[in-house]
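Our numbering applies: residue 76 is where the sequence shown begins, and numbers increase by one. Using N, Cα and C, we set each Cβ at its ideal position, and we do this for glycine too.
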Amino acid sequence: MPFEYEKIMCAFSRLMLQGKVHQAVRLISIADKRGLLSLDALIPDVDSNGNAIWKTTREILLEKHPEGKTLLPEMLLSDTEFKEKCFDPIIFERLSGESIKQAAMRTNGAAGPSGVDAFGWRRFSSSFKSASTDLCNALASVARRLCTTRVDSDSVTAYVACRLIPLNKEPGVRPIGIGEVPRRIIAKAILKPSVHPDYVAAKVEIWKEEIEALVKMAEIYPHAAFIHSIKGKWQFIMRTVDNVGKLFPPIEYIITEKLIPALTGRSHCSIEESCCRCQQDMEV
């Protein structure tokens with residue numbers, strides 16, 4: 076018992092020196108609760124006849140883990156089921172080494188199977204000059220490929236692997252999987268809203284020019300303008316990218332003040348009609 080508490084004290088000191096105050100305090104708080112179980116620890120259980128038995132943590136974890144099965148082709152979605160791609164690949168070209176570095180600096184948590192936690196990856200991405208830059212650029216390249224191309228599942232086995240942690244439920248075992256830190260870093264970089272505004276602003280200017288061309292078409296051939304729909308080009312962006320609504324007023328202005336008057340022969344679209352249209356779009 077004294078040796079066990081000595082290990083806890085050493086771990087607490089190490090965490091505090093690394094600046095991980097939250098983890099250090101948590102270590103002390105769970106020290107007396109025996110939060111983690113060893114694989115050979117005996118856990119009370121009940122068999123099918125209701126008799127009390129003892130099982131090791133390893134045996135209970137194997138019972139909880141489902142058996143592996145062969146993947147059935149009908150369970151997968153094929154490209155032929157979609158007429159168009161559900162994303163614009165150019166979105167993910169904004170993923171760069173700098174966005175990976177920023178995501179790494181905001182990542183916390185324990186290590187996966189590799190044994191390197193978030194603190195280690197923060198050092199890797201910022202403390203080794205050109206080597207850190209090359210590492211961040213490599214992770215950005217991986218992120219772009221995962222987002223835009225089909226990747227064989229066997230090639231990302233290590234990327235999606237998790238470290239199994241058996242927690243003591245007193246009694247019982249609760250398995251917890253801890254994934255690799257690069258997986259969390261890449262996910263943060265992909266979902267970070269600030270990756271996209273510059274791209275969206277550039278696309279808004281392109282869409283504005285397309286609508287202006289449509290306005291000129293509508294003034295002469297209104298029936299032809301109806302068959303050219305560009306609304307779907309920005310609908311996906313508005314659904315998936317956060318905080319970009321402020322970039323779309325130029326689109327709204329040219330539609331309400333130029334396109335609709337050209338199609339209907341009226342001076343402009345009233346605020347009530349515009350609000351009604353927006354409400355209909357939200358319901359759809």
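**OP:** Starting from the C-beta of G184, find all residues in its chain whose C-beta is less than 6 Å away, skip the five residues before and the five after it, and write them out in chain order.
**Re:** So the qualifying residues of the chain are A193.
Original post:
Between E173 and E284, what straight-line distance do the alpha-carbon atoms span, to the nearest angstrom?
Top reply: Each residue's Cα considered, the two are about 31 Å apart.
Original post:
By how many angstroms is the C-alpha of A233 removed from the C-alpha of V274?
Top reply: It is Tyr, not Val, that sits at residue 274 in the sequence shown. Rounded to whole angstroms, Y274 to A233 spans 32 Å at the Cα level.
**OP:** Consult DSSP for P241 and reduce its assignment to one of helix, strand or coil.
**Re:** P241 falls in the strand class under three-state DSSP.
Subject >> Spatial distance of C211 from V191 (CA atoms) >> reply: Rounded to whole angstroms, C211 to V191 spans 16 Å at the Cα level.
Subject >> Candidates R198, C222, V256 and T208, of which the one nearest G187 by Cα >> reply: Proximity to G187 across R198, C222, V256 and T208 peaks at V256, based on C-alpha coordinates.
Original post:
What beta strand (DSSP E) runs, 3 residues minimum, are completely inside the region 114–183?
Top reply: The qualifying runs are 117–121 and 127–131.
**OP:** Output the boundary residues of the alpha helix (DSSP H) element that contains R258.
**Re:** In the DSSP assignment, R258 falls within the alpha helix (DSSP H) that extends over V256 to L266.
**OP:** To the nearest angstrom, report how far apart P148 and D229 are at their CA atoms.
**Re:** Distance between the alpha carbons of P148 and D229: 16 Å.
Original post:
Among residues of its own chain, excluding the 5 on either side of I302, which ones have a beta-carbon nearer than 6 Å to its beta-carbon?
Top reply: Here the model assigns I302 a pLDDT of 49, short of 50, so the residue's position is not dependable and the matter cannot be decided.
**OP:** May I have the straight-line CA-CA distance separating A99 from S88, to the nearest angstrom?
**Re:** In a straight line, the C-alpha of A99 is about 8 Å away from that of S88.
Subject >> Rounded distance between the beta-carbons of A264 and A218, thought under 8 Å >> reply: Going by Cβ atoms, the distance from A218 to A264 rounds to 6 Å, so yes, they are a contact pair.
Subject >> Distance between beta carbons of P241 and L117, contact taken as under 8 Å >> reply: So it is not a contact: roughly 13 Å between Cβ atoms.
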